[in-house]
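Under this note's numbering, the letters of the sequence shown match residues 9 to 169, in that order. All C-beta atoms in this analysis are idealised placements derived from N, C-alpha and C, irrespective of residue type, glycine included. Values in this document were obtained by computation on a predicted structure and should not be read as measured data.
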Amino acid sequence: MFGEYGGRYVSETLIEPLDELEHAYFHLKDDPEFIAELDADLTHYVGRPSPLYHAQRLTQKYAGAQIYLKREDLNHTGAHKINNAIGQALLAKRMGKPRIIAETGAGQHGVASATVAARLGLECVVYMGEQDIHRQAPNVYRMRLLGAKVVPVTSGSKTLK
Numbered sequence: 009m010f011g012e013y014g015g016r017y018v019s020e021t022l023i024e025p026l027d028e029l030e031h032a033y034f035h036l037k038d039d040p041e042f043i044a045e046l047d048a049d050l051t052h053y054v055g056r057p058s059p060l061y062h063a064q065r066l067t068q069k070y071a072g073a074q075i076y077l078k079r080e081d082l083n084h085t086g087a088h089k090i091n092n093a094i095g096q097a098l099l100a101k102r103m104g105k106p107r108i109i110a111e112t113g114a115g116q117h118g119v120a121s122a123t124v125a126a127r128l129g130l131e132c133v134v135y136m137g138e139q140d141i142h143r144q145a146p147n148v149y150r151m152r153l154l155g156a157k158v159v160p161v162t163s164g165s166k167t168l169k
């Protein structure tokens with residue numbers, strides 16, 4: 009699968025789940041029903057495609073370049089993180105998995121994961137550094153409001169940074 013440039017090096021306990029994930033992905037990536045469901049959620053739930061904004065003042069400041077900003081902040085949950093989370097959660101649901109897990113530092117990935125899990129009726133567990141939980145209390149509140157269990161990570165630096 010990876011040709012001459014690699015493979016995978018993981019714990020033996022992860023080989024079977026990764027094989028299952030790979031099989032499901034290759035089965036569903038071209039499935040018209042799966043693609044239609046993902047496209048519908050990206051359009052009607054996430055808010056894609058997100059608009060391009062012509063930054064006139066920046067364009068004027070840096071004469072010669074037309075500068076556009078892709079407004080990913082207008083996606084549901086306020087960041088690009090939901091784009092990936094919705095696809096992964098749909099895949100998990102199609103695989104019959106009852107929950108998704110995620111890790112987050114500032115909380116945006118956790119919020120996106122909790123949001124799509126709530127939408128799809130999946131459990132969500134988010135691992136977050138103990139210090140980050142305190143620093144990012146509003147995002148922790150949102151995750152819990154959406155039904156996610158936030159688990160503090162108390163080893164290592166206990167923070168993303």
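The beta carbons of G104 and D140 sit about 32 Å from each other, so the pair does not count as a contact at 8 Å. In this structure, R107 is the residue among R107, K69, L153 with its C-alpha nearest to the C-alpha of G129.
Bounds of any beta strand (DSSP E) do not take in M151; it lies within the alpha helix (DSSP H) bounded by 145 to 153. Shown here, K78 sits in a strand according to DSSP, grouped into three states. In this structure, Q116 lies away from K157, with their beta-carbon atoms at least 7 Å apart. Here the C-alpha atom of A71 lies approximately 22 Å from the C-alpha atom of R79. Rounded to the nearest whole angstrom, the CA to CA distance from E45 to A87 is 21 Å. Beta-bridge pairing by DSSP links M136 to T112, P160.
Under the DSSP assignment, L50 falls outside any beta strand (DSSP E); it carries neither an H nor an E label. Contact between the stretch 120 to 127 and the stretch 58 to 77 is absent, with fewer than three C-beta pairs closer than 8 Å. Around the C-beta of G15, fewer than 16 other C-beta atoms lie within 10 Å, and the residue is accordingly described as exposed. Under the DSSP assignment, H62 falls in the beta strand (DSSP E) whose first and last residues are 60 to 62. Counted as a single uninterrupted DSSP element, the alpha helix (DSSP H) harbouring A32 occupies residues 20 to 36.
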